[in-house]
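**Student:** Following the numbering used here, the numbering of the sequence shown begins with 10 at its first residue and continues without gaps.
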Amino acid sequence: MIAVVGLLVAVAAATVAGRLCPQGSALGTVAVAGACLALSVVPPGVITWVIAGALGGGAGVVASPLAAARLGRRWAVVAAVGLAGVVVAVAIVDPAIGLAVVVTVAAAAALAGRRLRSSRLRAPVRARLAVGAPLVLTVGLLVWVGANDPSVDWFGPVVRHGDRTVDQVALTFDDGPAESSLAVAEVLDTAGVAGTFFVVGKAVDARPELARALVARGHLLANHSYHHDYWRWLDPRYPELDRTQASIARATGVCPSFFRPPHGQRTPFMNGVVAGRDMETILWDVSAADWTSIDGADIARRVLAQVRPGSVILLHDAIDGRPDADRSAVLDALPRILTGLRERGIEPVRLDRLLGRAGTLAPAACGLSAGATPARDA
Numbered sequence: 010m011i012a013v014v015g016l017l018v019a020v021a022a023a024t025v026a027g028r029l030c031p032q033g034s035a036l037g038t039v040a041v042a043g044a045c046l047a048l049s050v051v052p053p054g055v056i057t058w059v060i061a062g063a064l065g066g067g068a069g070v071v072a073s074p075l076a077a078a079r080l081g082r083r084w085a086v087v088a089a090v091g092l093a094g095v096v097v098a099v100a101i102v103d104p105a106i107g108l109a110v111v112v113t114v115a116a117a118a119a120l121a122g123r124r125l126r127s128s129r130l131r132a133p134v135r136a137r138l139a140v141g142a143p144l145v146l147t148v149g150l151l152v153w154v155g156a157n158d159p160s161v162d163w164f165g166p167v168v169r170h171g172d173r174t175v176d177q178v179a180l181t182f183d184d185g186p187a188e189s190s191l192a193v194a195e196v197l198d199t200a201g202v203a204g205t206f207f208v209v210g211k212a213v214d215a216r217p218e219l220a221r222a223l224v225a226r227g228h229l230l231a232n233h234s235y236h237h238d239y240w241r242w243l244d245p246r247y248p249e250l251d252r253t254q255a256s257i258a259r260a261t262g263v264c265p266s267f268f269r270p271p272h273g274q275r276t277p278f279m280n281g282v283v284a285g286r287d288m289e290t291i292l293w294d295v296s297a298a299d300w301t302s303i304d305g306a307d308i309a310r311r312v313l314a315q316v317r318p319g320s321v322i323l324l325h326d327a328i329d330g331r332p333d334a335d336r337s338a339v340l341d342a343l344p345r346i347l348t349g350l351r352e353r354g355i356e357p358v359r360l361d362r363l364l365g366r367a368g369t370l371a372p373a374a375c376g377l378s379a380g381a382t383p384a385r386d387a
């Protein structure tokens with residue numbers, strides 16, 4: 010049913026695109042490429058129809074010059090509709106083949122389009138933009154949502170929460186280690202609670218003793234990139250992962266199995282690198298945006314308003330790997346959160362216990378020999 014409706018949507022989009030843009034446009038190929046990528050990673054559902062619309066419209070824009078060069082606008086629409094149907098049908102089975110079909114047709118269309126430069130069929134620039142721009146924007150929006158929204162797994166499997174039937178949650182802290190990390194750990198230790206710290210590689214290298222102290226206290230360390238910036242997540246090789254694994258392993262002798270992308274931003278390539286290391290991408294289902302607030306009571310209220318059994322709670326014991334960030338609001342919020350959880354009968358536990366999975370890998374996965382000990386300060 011989803012595939013049939015998607016095909017109809019694609020054909021309708023191709024019809025409109027073929028009429029408005031008989032000379033074609035490079036934006037059509039861009040739209041198809043993005044739609045094929047989205048189709049390859051987005052689970053089937055209503056969103057498939059939106060992608061099919063972008064895919065069909067792009068295919069229509071690509072195909073129309075082939076027929077329009079010789080047969081006129083009407084046949085351009087027929088060609089556009091036909092190609093849209095073929096591409097969507099093939100792409101549902103194998104998006105890579107669907108994209109290859111469009112690239113081949115686009116090359117032929119580029120040659121055919123030369124005949125239209127002085128033809129009455131030439132589409133006004135405004136018409137081409139009216140078709141191409143919305144297609145590209147639609148695909149761009151889908152890619153942006155898939156890369157940034159923690160509630161979707163279009164770009165590969167992610168973990169957002171644990172078992173909803175068990176009264177346990179995990180308190181996770183991002184961006185350390187910093188001096189404030191030890192203060193957070195002190196609050197947790199006093200309450201008899203173990204936390205999970207997603208640490209930044211550069212911060213571990215700067216203050217390895219802080220990472221060791223967290224491990225010694227029984228808390229779990231996990232990978233949160235090396236630089237924690239706003240652009241390295243786009244590198245398809247994502248070397249940040251291995252570099253941070255090495256930093257944590259050198260400092261603590263621990264090889265983490267959990268990874269959280271900075272700001273939650275991810276790509277299919279990043280998820281592939283993570284899976285290739287036998288690691289898991291961990292997001293969250295509860296966030297109080299604590300980096301925007303200086304009111305601990307407000308942070309606690311936001312967390313407790315969202316929390317459910319199995320929740321993974323996102324907090325920050327530092328900011329962007331900087332050791333001097335003021336996290337007094339989180340330190341004020343944390344005892345309130347712990348009290349609220351206790352009153353509801355919910356137990357905070359380490360992430361590995363919540364998920365029922367090992368929080369560390371074999372030492373060899375991080376280049377450590379069995380029985381290796383962490384480096385010590387000179």
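Every residue gets a Cβ at the ideal spot worked out from N, C-alpha and C, and that includes glycine.
A quick note: this is a predicted structure, and the numbers were derived from the prediction, not measured.
Return yes when the Cβ of I355 is within less than 7 Å of the Cβ of A309, no when it is not.
**Tutor:** no
**Student:** Is it buried or exposed, L80, if we count other Cβ atoms within 10 angstroms and call 16 or more buried?
**Tutor:** Unreliable positioning characterises L80 in this predicted model, as indicated by a pLDDT of 49, which lies under 50. A coordinate reading is not provided.
**Student:** For D162, I'd like the list of residues in its chain whose CB is within less than 6 Å of its CB, leaving aside the five on either flank, ordered along the chain.
**Tutor:** Counting only Cβ-Cβ distances below 6 Å, and skipping sequence neighbours, we find nothing.
**Student:** Would you mind reading off the limits of the beta strand (DSSP E) that contains I322?
**Tutor:** V321 to H325
**Student:** For the putative contact between P332 and A212, defined by C-beta atoms under 8 Å, what is the C-beta separation to the nearest angstrom?
**Tutor:** 7 Å
**Student:** Would the segment 281-288 and the segment 233-242 be scored as touching if the rule is three or more Cβ pairs under 8 Å?
**Tutor:** no
**Student:** Given that a residue counts as buried once 16 or more other Cβ atoms are within 10 Å of its Cβ, and exposed if not, what is E195?
**Tutor:** exposed
**Student:** Check A231 in the structure and name its three-state DSSP category.
**Tutor:** strand
**Student:** Inspect the beta-carbon positions of S320 and D294 and report whether they are closer than 7 Å.
**Tutor:** yes
**Student:** Is the segment 258-277 close to the segment 298-315, with three or more CB pairs under 8 Å?
**Tutor:** Contact between the segment 258-277 and the segment 298-315 is absent: fewer than 3 CB-CB pairs across the two stretches fall below 8 Å.
**Student:** Note down the Cα distance separating L229 from L350, rounded to an integer number of angstroms.
**Tutor:** 20 Å
**Student:** Looking at the unbroken alpha helix (DSSP H) that takes in P248, where does it start and where does it end?
**Tutor:** Premise fails: P248 is in no alpha helix (DSSP H) and is neither H nor E.
**Student:** Using only the alpha-carbon positions, how far apart do R241 and V202 sit?
**Tutor:** C-alpha separation (whole angstroms): 34 Å.
**Student:** I think R226 touches P186, with their Cβ atoms under 8 Å apart; what is that distance to the nearest whole Å?
**Tutor:** Actually they are not in contact, since the Cβ atoms of R226 and P186 sit about 12 Å apart, beyond 8 Å.
**Student:** What does DSSP give as the partner residues of H170 in its beta bridges?
**Tutor:** DSSP lists S320 as partners of H170.
**Student:** Excluding the five sequence neighbours on either side, which residues of its own chain have a C-beta within less than 7 Å of the C-beta of M279, listed in chain order?
**Tutor:** W242, Y247 and P270
**Student:** Fully enclosed by the segment 257-283, which beta strand (DSSP E) runs are 3 residues long or longer?
**Tutor:** none
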